[in-house]
Structures are given as C-alpha cells and as structure tokens.
Amino acid sequence: MNTGEVKIAHLSDLHVSGRKDHRQLEDLDRMLDHLNTAGFDHLVISGDLSNTANSGDWGVVKEKLEKHGRYHWEKTTVIAGNHDLINLEEEMRFYNALNPLPLLRKKAFDRKLANFCRYFRELITGEEGGTPIYPFVKIINYPSVRIAITAFNSVFPWYPADNPLGARGEVDQKQLDAFSSESLLSTLRECFVIGLCHHAYKVYGTDSLIDQAFDWTMELKNREAFLDLMITLHARVVLHGHFHRFQSYVVKDLTFINGGSFRIIPKQYSELIVDGKGGFTQRFIMLP
Ligand SMILES: [Fe+2]
Ligand SMILES: [Fe+2]
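Quick note on numbering: the sequence shown equals residues 15 to 302 in the working numbering.
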C-alpha cells in the first residue's frame, strides 16, 4: 500500500566482535526481522560495524543483511566508523616499530577505507563498475518523494598527538568540495536531503566533567564546515553514530539524529518517517 510515506530505520555502532558472539547475532536477526515486518523502506547503518577493524565482522553484517533480503542498494546504506578502519593496538605497535611516517600511515588508512567501500560496493554504487568512494549520493525515487542520502567519511586517521584514541573525526576538504557542481545542487533541491557521517556534531550529552574532558578526543574537527555544507545542500536531517547515545538535537534548524549503539542497546533504533510534502517525524523505538 502506498501511504505516501517513506520509512527509514537507523542503526549504529554494532561493534560486532566475531561469529562467536551468538547473543549479538540473534539480536541482529531479531532487529532485521522486525524492520521487515514493520515495512521499513530503507535501513541506514552509520558506522562501527566491527569492533576491531576486522573485515570478518563486516562479513557478519553483510550475511545478516543478505539473509533478511536487505543487501540491496535501494534497501540499505552503510558507512564506515573509526572502529571499522582503525585498530588502535595495531597502530601503536606499528608506529613504534615500523611505521613512524605519517604519510605511510595515511596511505594504509586510505587502503583500508577503499577496502571497506569495495566490500560494500553493492550498498554504495549498486553496480559492478566504477570505484566506490566517499562522498557518495544515493537518490531513491519513491512514489511520493525523492530521497537523497549524502554520505561522507568522517573517520580521521590515527596520529599519536592529534588523534591518540583514533576517535576524532574530520570530513576532509576534498569531500566538501565535491558538492560545488551547480547541476548536483539543483538535483538535490528536488530531494529530501539526508546527511550521513559517523561522527557527532555535538558530543557532550551530560554536564559531567569527565565526559567533557574527553570531548576533544571524540569530536568532529571541522564540524562548522560540515554544518555549512549541510545547510547549503538544504539537508533536513543528519544521521550519525559514534557517541553511543540515542539522541536528537537541532543546530540552526537542522536536526541531527544520533543512532546510539546497537551493541549497548540492541532493542532500540531510530525511525525516520518522511512524508510526501517535505515533512518528517523521528522517534526512537524500543522493541518489546
Ligand atoms: Fe562506536
Ligand atoms: Fe565510532
């Protein structure tokens, strides 16, 4: 039935740790079953699929999406999180032993990001040819509305002084510049635009001093430049994860939705409903 609404589910921060964590795999089955039964048109996973940058964990997610009929370009979008690209222990070991040069480390990081994009090619380009890469724009024409998902990599490589926990983020200039074409901008003007990245615009959710002391290690370094681009694109919502709290907040009329962490609360997800008139509603849902 065409109700004129598009239903988008948002999960984040699965932190899958191998195939032996049966409980989490069952949780994932239950969630994907629910999303199908509830008739969600699209699922967005905003990064940290793996806990230790292990492509075997990406495989777990891919298989589960396939099993539930979700492994299709128009059905699911995934992006990488820092835990998909940075293995902190390994970075420190190689930094001390073999790999002190930032340039080499950046190259290794770029390779890992390219691997992620190739691995999930179907969910990024939807076709065999071409190089799947960030940023990407996915425009899906539903009967009542055109939805454009503009997806960015916000993971910043590990550096000992600037990014000691590997958790800081940045949307690099090259990605921001990719949206300068007037024809792309005019296409996006006809769409309900959703921004997507892993890192939070705003990381603190409490007044706790301990939380605030760690803010800088989690932050999106150039968040104002990213916000400016989102406003230029007339984005209505930005979906992200990283900071493991389910929350929504508004900055300059733009709604940010933090998809929390499936690892920590596997029964909760965010529901975004877009209507045919340019409006939307969002709420967090807890499975029974
Ligand atoms: Fe995470
Ligand atoms: Fe993260």
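Even for Gly, the Cβ is constructed at its ideal location relative to N, Cα and C.
- Relative to the non-hydrogen atoms of ligand 2, the Cβ of residue 96 comes within a distance shorter than 6 Å of at least one.
- Here the distance from the Cβ of residue 62 to the nearest heavy atom of ligand 2 is below 6 Å.
- Residue 94 places its beta carbon less than 7 Å from that of residue 130.
- With distances taken between CA atoms, residue 19 lies nearest to 292 out of 42, 292, 58, 278.
- Per DSSP, reduced to three states, the secondary structure at residue 239 is helical.
- With fewer than 16 other CB atoms across the displayed protein chains lying within 10 angstroms of its CB, residue 245 is exposed.
- Pairing residue 296 with residue 260 gives a Cβ-Cβ distance that is not under 7 Å.
- Distance between residue 190 and residue 88, taken at the CA atoms: about 24 Å.
- Between residue 27 and residue 262, the C-beta spacing is not below 7 Å.
- In the DSSP assignment, residue 187 forms no beta bridge with any residue.
- Taking a contact to require three or more Cβ pairs closer than 8 Å, the stretch 205-219 and the stretch 48-67 qualify as touching.
- For residue 24, the shortest C-beta to heavy atom distance toward ligand 2 is 6 Å or greater.
- Fewer than three beta-carbon pairs drawn from the stretch 149-161 and the stretch 226-242 are found closer than 8 Å, and the two stretches are therefore not classed as touching.
- The beta carbons of residue 279 and residue 251 sit no closer together than 7 Å.
- Partner residues in the beta bridge of residue 269, as assigned by DSSP, are 251, 264.
- Closest option to residue 166, judged by alpha-carbon separation, among 97, 34, 175, 184: 184.
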